[in-house]
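The structure appears right after this line, and notes come after that.
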Amino acid sequence: MNTVITQAEQNLSLLKSLIPMGDSFHIWCYDNEGKLLGSSCHGVIRETLHHAFEALGAYDKMLEYAAAPDHDAPRILGSSIGVQWAVTLEKERKNDVVFVLGPVVNMPIDG
Numbered sequence: 043m044n045t046v047i048t049q050a051e052q053n054l055s056l057l058k059s060l061i062p063m064g065d066s067f068h069i070w071c072y073d074n075e076g077k078l079l080g081s082s083c084h085g086v087i088r089e090t091l092h093h094a095f096e097a098l099g100a101y102d103k104m105l106e107y108a109a110a111p112d113h114d115a116p117r118i119l120g121s122s123i124g125v126q127w128a129v130t131l132e133k134e135r136k137n138d139v140v141f142v143l144g145p146v147v148n149m150p151i152d153g
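In my numbering, the protein residues as written are 43 to 153.
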């Protein structure tokens, strides 16, 4: 069987490879209007992390990204407190969806 890998799936693979192995993150899937379709995160932590995604402004940035024309490159969405998410848009399947990886906490090393 010949499997076709979409650009978004290639972007997800790239983004996952850039996140340090010790970091824990979840994969989220939204439709292009911002409705959460599913997540690898479950339970109370799912609601907490989704709320953080919205409260820190990344949700609105994701919607802007989904609405922008002609973009194939994934994007890193950051917050002022060092929490980051990676996003990529899937346009090659039946319905447009946005994949989000995160959150990842970026802590600077003081020295």
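Just so you know, even glycine gets a beta-carbon here, dropped at the ideal spot from N, CA and C.
Note down the Cα distance separating residue 116 from residue 82, rounded to an integer number of angstroms. 20 Å
Taking 7 Å as the limit between beta carbons, can you name the residues of its chain near residue 103, skipping five residues before and five after? 119
Relative to the C-alpha of residue 105, which residue among 85, 122, 141 is closest? 141
Identify whether residue 105 lies in helix, strand or coil by the three-state DSSP scheme. helix
Count the other CB atoms, across all protein chains shown, that sit within 10 Å of the CB of residue 75; report buried if there are 16 or more and exposed otherwise. exposed
Got a sec? Which residues, its chain only, sit under 6 Å from residue 44 by beta carbon, not counting five neighbours each side? With a pLDDT of only 44 at residue 44, under the threshold of 50, the placement of this residue in the model should not be trusted; the figure read from the coordinates follows. There are no such residues.
Compare the beta carbon distance of residue 131 and residue 69 with 7 Å and say whether it is the shorter of the two. no
Coil, strand or helix - residue 138 by DSSP: coil
Of the residues 108, 85, 98, the one placed nearest residue 77, counting alpha carbons only: 108
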